[in-house]
Amino acid sequence: MAIKFCYRHPAVIAKTRCYHCKKDICLECRRHLNRHYFCGRKCYLLFRLQQIWAPVKKRKFPILLGWNAVLTLGLLALALYLPGAGSVSPGESPALLPVDAGESLPVPRPDQIDSLARSGQPFRSEILAQKTYDLNLSLERGAVLTVWRNDWPILSQIVSAGGAQRFPLPLQYGRNLLRIGVWNERQQLVYEDHLEITYKNSLVEALRYPVVRGNRQRRQLSLTFDGGSSAEGAKEILTILQEKQVVTTMFLTGQFIEKYPELVLEMVNAGHEIGNHTYDHPHLTTFEQNRRHDNAPGVTREYLQRQLLRTDSLFNALVGNPMKPYWRAAFGEYNQEILDWAAEAGFRHIGWSNGFDTHDWVNDENSALYKTPEVVRDAILDKDDASQSLNGAIVLMHLGTERQNGRMYTMLAELIGELRSRGFELSPVGDLLVP
310 MAIKFCYRHP AVIAKTRCYH CKKDICLECR RHLNRHYFCG RKCYLLFRLQ
360 QIWAPVKKRK FPILLGWNAV LTLGLLALAL YLPGAGSVSP GESPALLPVD
410 AGESLPVPRP DQIDSLARSG QPFRSEILAQ KTYDLNLSLE RGAVLTVWRN
460 DWPILSQIVS AGGAQRFPLP LQYGRNLLRI GVWNERQQLV YEDHLEITYK
510 NSLVEALRYP VVRGNRQRRQ LSLTFDGGSS AEGAKEILTI LQEKQVVTTM
560 FLTGQFIEKY PELVLEMVNA GHEIGNHTYD HPHLTTFEQN RRHDNAPGVT
610 REYLQRQLLR TDSLFNALVG NPMKPYWRAA FGEYNQEILD WAAEAGFRHI
660 GWSNGFDTHD WVNDENSALY KTPEVVRDAI LDKDDASQSL NGAIVLMHLG
710 TERQNGRMYT MLAELIGELR SRGFELSPVG DLLVP
């Protein structure tokens, strides 16, 4: 049987299908309602509408038909306009619902949830250095525990066995307002607590801020190269760098490492720094769709860290040591939350300086973004002016190209020679970061 993946989280294996729309969904997206699994409330309400409408339509009772027409419109309005119906907030994991098949979840009523949110109980404050908070409670069997973090549900669980329980709660970096409610089987609120947990640690603080340039006071720059799915031109680039005795930084995807292990070993043996470029070069934000850097669907802390750590493991298995603690997001798409998640995994983001994207990835000569090697070379050298905009610059180039003509590496040797004649030191990113 072919493996299927969740339509909301393309990297997560699907465990079932929505009973109404039949889309494949993972455990996190699964909602257990009325003895069936749905992808959200919208599909559940549409399913209920069909249940109500079908027998009446079959009997054709005029009065009931009129009543159900009104009910249909009401349910449709509820399904279409219910806030968050069938959706997951960008950048957040859906509520966790670990319930057994065939068991309905006695979710607290909306008015009970609202009363908890409006509670005047003050928040107790703690500061933690780890990304989870252990919630320890003594609960009765059949109770329902629900936890909200910053007004978004992160846990809803039926207690299957009474007694002392431990619930590890995931934290966002920085401030976390946790609202905790426990309801008994009669849906009465029996316990509530409000916590303000500040998650901070020295590693994340050191790595959470991105780098796009080195020291403007030094005549030093870095020619960096990204390796994604293609290595067409990589051999030529490595040869030029070796001939010119340039050591620099390469950002490689896990798929590049799997596909071109000999090239990776050649890079390492030549002394180049190897940074992380995720495993399969995914879009991490919605910038391509709406020009905003909201988290793309399915991009969670676990997803991003799996992308980075998988790539680091592949490199370590091949070379015998981990990658440098640097990463570069595919397409340059990130936000502060993504930077924090990467920092937790031990990686600092290295971008490129404004105006130093060579656009060597543009293949269409009719595109307004297309630039010839000569134009790029001259544009870089022209920045060596009174503003010192070339000092500390990080230049973006690629190891692979689909260009048949005008390949960017054809100007690389000349560019390196000219930069050195002007007194520039060509360095890996690690040297640029030295104060």
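In my numbering, the protein residues as written are 310 to 744. We put the beta carbon where it would ideally sit given N, CA and C, even for glycine.
Simplified DSSP state of residue i, which is helix, strand or coil
i: residue 714; result: coil
i: residue 650; result: helix
i: residue 511; result: helix
i: residue 727; result: helix
i: residue 599; result: helix
i: residue 466; result: strand
i: residue 500; result: strand
i: residue 453; result: strand
i: residue 491; result: strand
i: residue 565; result: helix
i: residue 356; result: helix
i: residue 587; result: coil
i: residue 694; result: coil
i: residue 666; result: strand
i: residue 326; result: strand
First and last residue of the uninterrupted alpha helix (DSSP H) at residue i
i: residue 572; result: 570-578
i: residue 616; result: 610-628
i: residue 741; result: 738-741
Residue burial classification, residue i (beta-carbon count within 10 angstroms, cutoff 16)
i: residue 694; result: exposed
i: residue 680; result: buried
i: residue 701; result: buried
i: residue 354; result: buried
i: residue 735; result: buried
i: residue 477; result: exposed
i: residue 466; result: buried
i: residue 542; result: buried
i: residue 531; result: buried
i: residue 656; result: buried
i: residue 400; result: At residue 400, the pLDDT of 34 sits below 50, so the modelled position is not reliable; the number obtained from the coordinates is stated separately. Buried, by the Cβ-count rule.
i: residue 460; result: exposed
i: residue 485; result: buried
i: residue 730; result: exposed
i: residue 585; result: buried
i: residue 475; result: exposed
i: residue 450; result: exposed
i: residue 662; result: buried
i: residue 458; result: buried
Residues that DSSP places opposite residue i in a beta bridge
i: residue 682; result: Its beta-bridge partners do not exist; DSSP assigns none.
i: residue 485; result: 506
i: residue 702; result: 522
i: residue 631; result: BP columns for residue 631 are empty, so no partner.
i: residue 434; result: 505
i: residue 734; result: 529
i: residue 644; result: According to DSSP, residue 644 bridges with nothing at all.
i: residue 636; result: 585, 658
Distance, residue j Cα to residue i Cα
i: residue 549; j: residue 722; result: 6 angstroms
i: residue 313; j: residue 520; result: 38 angstroms
i: residue 540; j: residue 653; result: 30 angstroms
i: residue 342; j: residue 612; result: 27 angstroms
i: residue 515; j: residue 675; result: 43 angstroms
i: residue 348; j: residue 339; result: 5 angstroms
i: residue 251; j: residue 718; result: The shown model of the chain, from 310 to 744, leaves out residue 251, and the question about it has no answer.
i: residue 726; j: residue 510; result: 44 angstroms
i: residue 714; j: residue 673; result: 11 angstroms
i: residue 577; j: residue 624; result: 10 angstroms
i: residue 596; j: residue 351; result: 27 angstroms
i: residue 293; j: residue 647; result: With the chain covering only 310 through 744, there is no way to say anything about residue 293.
i: residue 636; j: residue 506; result: 28 angstroms
i: residue 678; j: residue 634; result: 31 angstroms
i: residue 581; j: residue 592; result: 26 angstroms
i: residue 710; j: residue 544; result: 12 angstroms
i: residue 452; j: residue 504; result: 21 angstroms
i: residue 534; j: residue 706; result: 5 angstroms
i: residue 302; j: residue 557; result: Given a span of 310 to 744 for the chain in the structure shown, any question on residue 302 remains unanswerable.
i: residue 641; j: residue 666; result: 11 angstroms
i: residue 513; j: residue 618; result: 16 angstroms
i: residue 502; j: residue 432; result: 8 angstroms
i: residue 639; j: residue 659; result: 11 angstroms
Beta strand (DSSP E) segment containing residue i, residue limits
i: residue 530; result: 529-536
i: residue 474; result: 472-479
i: residue 286; result: The question about residue 286 has no answer, for the chain in this structure spans 310 to 744.
i: residue 558; result: 558-561
i: residue 545; result: Careful: residue 545 lies outside any beta strand (DSSP E), inside the alpha helix (DSSP H) at 543-552.
i: residue 593; result: Where residue 593 is concerned, there is no enclosing beta strand (DSSP E), given that its DSSP letter is neither H nor E.
i: residue 336; result: That residue, residue 336, is in no beta strand (DSSP E); it is neither H nor E in DSSP.
i: residue 317; result: Careful: residue 317 lies outside any beta strand (DSSP E) and carries neither H nor E.
i: residue 342; result: 340-342
i: residue 347; result: 345-347
CB contact check: residue i to chain C, cutoff 8 angstroms
i: residue 534; result: Of the chains in the structure shown, none is chain C; there is only one protein chain.
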